[in-house]
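Working notes for the structure below.
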Amino acid sequence: MEKKRKKIIVCCDGTWDRRDQTTDGVPCPSNVVKLYNALAPQDLDGLEQKKFYIEGVGTGRWDHLWGGAFGFGLSKNVREAYRDIAKSYKPGDEIILIGFSRGAFTARSTAGFIRNCGLLKPENLKMLNQAYAFYKDRGPATKPSSPAAVDFRRKHHCYEPDIRCIAVWDTVGALGIPINGLRWVNVFNRQWRFHDTDLSTKVKFAFQALAIDERRNSFEPSVWTQQAHASEQTLEQMWFSGSHGDVGGGNRDNSLADVALMWIVERLTTNCHVAFSDDGFSMPPAKYLTRPNPLAQLTASWTGGWRVLRPYSRTLLSSDSEWIASTAKYRYKKDDNYSPANLIPHLDNKERFVRIEPRRTATAEPPKTEISQPLVDTDQVDAAGILKAAMSNGPRATRPRAATSAHPMPGHRRPPDWHPRRPGRSPRA
4 MEKKRKKIIV
14 CCDGTWDRRD
24 QTTDGVPCPS
34 NVVKLYNALA
44 PQDLDGLEQK
54 KFYIEGVGTG
64 RWDHLWGGAF
74 GFGLSKNVRE
84 AYRDIAKSYK
94 PGDEIILIGF
104 SRGAFTARST
114 AGFIRNCGLL
124 KPENLKMLNQ
134 AYAFYKDRGP
144 ATKPSSPAAV
154 DFRRKHHCYE
164 PDIRCIAVWD
174 TVGALGIPIN
184 GLRWVNVFNR
194 QWRFHDTDLS
204 TKVKFAFQAL
214 AIDERRNSFE
224 PSVWTQQAHA
234 SEQTLEQMWF
244 SGSHGDVGGG
254 NRDNSLADVA
264 LMWIVERLTT
274 NCHVAFSDDG
284 FSMPPAKYLT
294 RPNPLAQLTA
304 SWTGGWRVLR
314 PYSRTLLSSD
324 SEWIASTAKY
334 RYKKDDNYSP
344 ANLIPHLDNK
354 ERFVRIEPRR
364 TATAEPPKTE
374 ISQPLVDTDQ
384 VDAAGILKAA
394 MSNGPRATRP
404 RAATSAHPMP
414 GHRRPPDWHP
424 RRPGRSPRA
């Protein structure tokens with residue numbers, strides 16, 4: 004058995020997102036930036052955590068329009084992520100990919116690139132462009148199991164590592180950049196169809212936070228489907244209140260996005276032993292930026308120029324790997340102005356709601372084995388109580404509960420801290 008040497012964590016940011024972005028002088032980092040900044044030098048087992056950050060497309064002075072509207076720079080970012088991993092990887096290392104929006108697309112495509120072509124050794128990185136051209140082919144003759152792909156990996160002495168985890172916020176569109184209703188723009192989109200963002204069985208853990216309230220039809224989410232023979236894989240996709248940026252961050256008020264941030268942080272800590280510095284989410288400037296609040300202001304996305312296109316309602320719970328965060332039901336009960344049509348039909352489906360604890364999680368200690376008390380009790384806690392508890396030093400990360408007979412899907416287990424709503428209560432009692 005190969006010895007684990009280190010974790011390689013690549014964080015891919017969303018469109019127009021970068022580390023130093025501000026609004027009116029106020030820092031407004033995405034969840035990718037917050038997570039990247041909070042990563043500790045070593046994981047919970049004392050192994051090195053080597054981290055990399057990749058800016059989103061469209062962050063340059065001259066590519067703001069082309070990268071933002073048409074996705075130019077996606078291929079560059081995928082190659083950069085691949086190169087960072089290849090330069091650092093040794094057999095036994097764990098690869099973890101993080102992303103938001105098109106950065107999520109980048110992370111997923113990088114995993115597909117590695118699955119198809121293997122991982123070039125540092126001395127063979129001169130073959131990167133050739134490997135990428137092979138990946139772009141994407142025909143039946145070059146799929147990962149094809150003789151041509153197998154021969155490519157053998158010929159260039161490529162490593163064939165598993166991916167320990169992909170954790171993303173709101174991957175948008177199967178192509179990353181669909182723009183429904185603007186057919187002439189979709190001509191540009193065709194060039195990205197070769198990207199492989201499917202969930203390979205080579206990925207051990209996959210987590211995705213999704214936005215219930217995103218209404219722009221060009222932001223259709225790319226929801227994973229699990230392969231039937233993925234018996235050793237864990238896939239969890241959680242729906243949260245808010246639009247695209249309310250889940251992935253980057254707004255001036257990020258407290259709603261912080262709920263989804265803390266969920267991803269907890270999943271990484273529990274399942275992959277990723278560690279965060281003791282004050283990773285409380286040190287300046289994050290001190291006033293990380294404050295998870297499920298009742299924070301929701302950003303309306305279908306506004307301005309987007310209103311010339313028809314609004315889009317996202318479909319929830321289309322697969323067995325999807326759940327809805329309890330914080331969404333809590334918001335529905337407490338906020339009379341919050342009545343998303345796609346959420347209402349599922350409110351009584353108790354088994355598909357998962358108790359979410361939007362606490363600040365920053366620990367260098369092993370996760371506790373017991374299940375902590377739920378922070379959000381939809382029958383007892385008010386908004387002030389949630390905010391106060393979220394800002395306190397609550398329980399550390401928790402380990403998941405065992406699978407139950409209520410969820411027999413092979414290779415998948417129910418997310419942790421699952422508590423059905425008490426019976427006999429109406430949705431807005």
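Residue numbers (the numbering used here): 4 to 432. Just so it is clear, CB atoms sit at the ideal spot from N, CA and C, and this is done for glycine as well.
With DSSP collapsed to three states, give me the class of residue i.
| i | result |
| --- | --- |
| Q45 | strand |
| K9 | strand |
| E217 | coil |
| P143 | helix |
| Y85 | helix |
| W227 | coil |
| Q24 | coil |
| W187 | Residue placement at W187 is flagged as unreliable, the pLDDT there being 45, under the threshold of 50; the coordinate-derived value follows with that caveat. If DSSP states are grouped into helix, strand and coil, W187 belongs with the helices. |
| P30 | strand |
| V206 | strand |
| E360 | coil |
| A263 | helix |
| F155 | helix |
| Y335 | helix |
| Y56 | strand |
Are the beta-carbon atoms belonging to residue i and residue j less than 7 Å from one another?
| i | j | result |
| --- | --- | --- |
| G252 | L301 | no |
| N11 | I98 | Note on identity: in this sequence residue 11 is Ile, with Asn being the wrong assignment. Yes, Cβ-Cβ distance for I11 and I98 is below 7 Å. |
| G106 | D16 | yes |
| S203 | R334 | no |
| D433 | F55 | Examination of residue 433 is not possible in this model, given that the chain is present from 4 through 432 alone. |
| I215 | L50 | no |
| F208 | N274 | yes |
| Y138 | F108 | no |
| I57 | A84 | yes |
| M130 | L123 | yes |
| S329 | R358 | yes |
Strictly by DSSP, which residues pair up with residue i?
| i | result |
| --- | --- |
| L100 | V13 and I169 |
| Q300 | Answer by DSSP bridge pairing: none, since Q300 is not bridged. |
| T330 | Per DSSP, none; premise fails for T330. |
| L319 | Answer is none; L319 lacks a bridge partner. |
Would you grab the beta carbon distance between residue i and residue j for me? Rounded to a whole angstrom, and I think it's under 8 Å.
| i | j | result |
| --- | --- | --- |
| A144 | A134 | Not confirmed; about 16 Å, so no contact. |
| A278 | L38 | Incorrect: roughly 12 Å between the Cβ atoms, too far for contact. |
| V262 | F243 | 6 Å |
| V35 | I101 | 6 Å |
Would you call residue i buried or exposed, if buried means 16 or more other Cβ atoms sit within 10 Å of its Cβ?
| i | result |
| --- | --- |
| T237 | buried |
| N80 | buried |
| A331 | buried |
| T228 | exposed |
| V29 | exposed |
| A303 | exposed |
| A41 | buried |
| T318 | exposed |
| C14 | buried |
| A405 | Residue placement at A405 is poorly supported in this model, since its pLDDT is 32, which falls under 50; the coordinates still yield a value, given next. Under this definition A405 is an exposed residue. |
| R218 | buried |
Measuring from the CB of residue i, is there a heavy atom of the ligand MN at a distance below 6 Å?
| i | result |
| --- | --- |
| Y39 | The model depicted lacks the ligand MN and carries no ligand whatsoever. |
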